[in-house]
Amino acid sequence: MHAPIHTFASALRQAQDWITDVAVSNRTDDREFAYRLLRAWLHTVRDRIPVDSTAHMGAQLPSLLRGVLYEGWQPAAVPKRHGLASFVTQFATSARIDPLEVPAFAGATTTALRRRFSHGQLDHVFEVLPERIRSVLRGEYPLTFPIDEGDEDYFLDGNADRDAERPSSVEF
C-alpha cells in the first residue's frame with residue numbers, strides 16, 4: 001500500500017474547506033448539495049464571462065476546484081450572451097433546485113466565495129455581467145416578474161395567463 005501524496009491530500013482538504021464554507025452559507029449539512037451549488041455557480045458564471053476573467057477566477061481556486069471550473073469548458077463559445085432566464089435555468093438544472101430558489105442559493109454561495117477570493121475579485125468578474133444577473137448572484141432578485149430582457153411574456157411566478165409563451169427548456 002502506498003502512502004498518500006501530500007500534495008493531493010492538501011488539495012482535497014482545501015477543496016473540502018471551500019465546500020464547507022458554501023454549505024455553511026447555504027445553511028445545509030449536505031456537502032454533496034453544497035458541492036452541486038458551488039459547481040453550478042462556477043459553471044454558470046464561467047459561461048457568461050470572458051476567457052481572461054475565467055482564467056483570473058480559476059487562478060484563485062484550489063487545484064481540485066479549478067478542475068471543476070474548467071470541466072467541460074469551451075473557451076471559444078464564451079461569453080454566452082443569453083439573458084437571465086437561461087442563467088436561472090442553467091443554475092437550477094445544474095444544482096437540481098427549483099428556479100425560484102436560485103437567487104437565495106446563488107447569493108449565499110457568492111457570500112461564501114467572497115470570503116475565499118481576493119478582495120474585489122468577484123466584483124471584477126461581476127462587472128462584465130448584466131445587472132439582473134449580478135442581482136441574482138447577490139441574492140437580491142425576486143423572480144416574480146419578467147426575467148429575460150426583451151421577452152416580456154416570460155415569467156416564473158406561475159401565472160397561467162403567461163405560461164403559453166414559456167420556453168420549453170424551463171421546467172417548473
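Throughout the sequence shown, residue numbering follows the numbering used here, covering 1 to 172 in sequence. The beta-carbon is built from N, C-alpha and C at its ideal position, and this holds for glycine as well.
Exposed or buried, which one is residue i when buried takes at least 16 other CB atoms within 10 Å?
i: D47; result: buried
i: H43; result: buried
i: T7; result: exposed
i: D161; result: In this predicted model, D161 has a pLDDT of only 36, less than 50, meaning its place in the structure is not dependable; the value taken from the coordinates is given anyway. Exposed, since its Cβ has fewer than 16 Cβ neighbours within 10 Å.
i: Q90; result: buried
i: S183; result: Because the chain spans 1 through 172 in this model, residue 183 falls outside it and cannot be assessed.
Helix, strand or coil: which one does DSSP assign to residue i?
i: Q16; result: helix
i: P130; result: coil
i: R138; result: coil
i: L113; result: helix
i: E101; result: helix
i: G72; result: coil
i: Q60; result: coil
i: G83; result: coil
i: V78; result: coil
i: Y154; result: Any reading at Y154 is ruled out, since the residue's pLDDT is 33, under 50, leaving its predicted position unreliable.
i: D52; result: helix
i: T89; result: helix
For residue i, collect the residues of the same chain with a Cβ closer than 7 Å to its Cβ; drop the 5 residues on either side in sequence, then sort them by chain order.
i: D123; result: none
i: A92; result: D98, P99, V102
Closest by CA to residue i, which one among the options?
i: A23; options: R36, Q14, V88; result: R36
i: A85; options: T54, E127, A34, P99; result: P99
i: F33; options: F105, P75, F87; result: F105
i: N26; options: R115, T111, E71; result: T111
i: R116; options: L12, I19, I5; result: I19
Within the same chain, show all residues whose beta-carbon is closer than 8 Å to that of residue i, passing over the 5 residues directly before and after it, in chain order.
i: H56; result: Q121, H124, V125
Ordered along the chain, which non-local residues of its own chain (more than five positions away) have a Cβ less than 6 Å from that of residue i?
i: R39; result: V68
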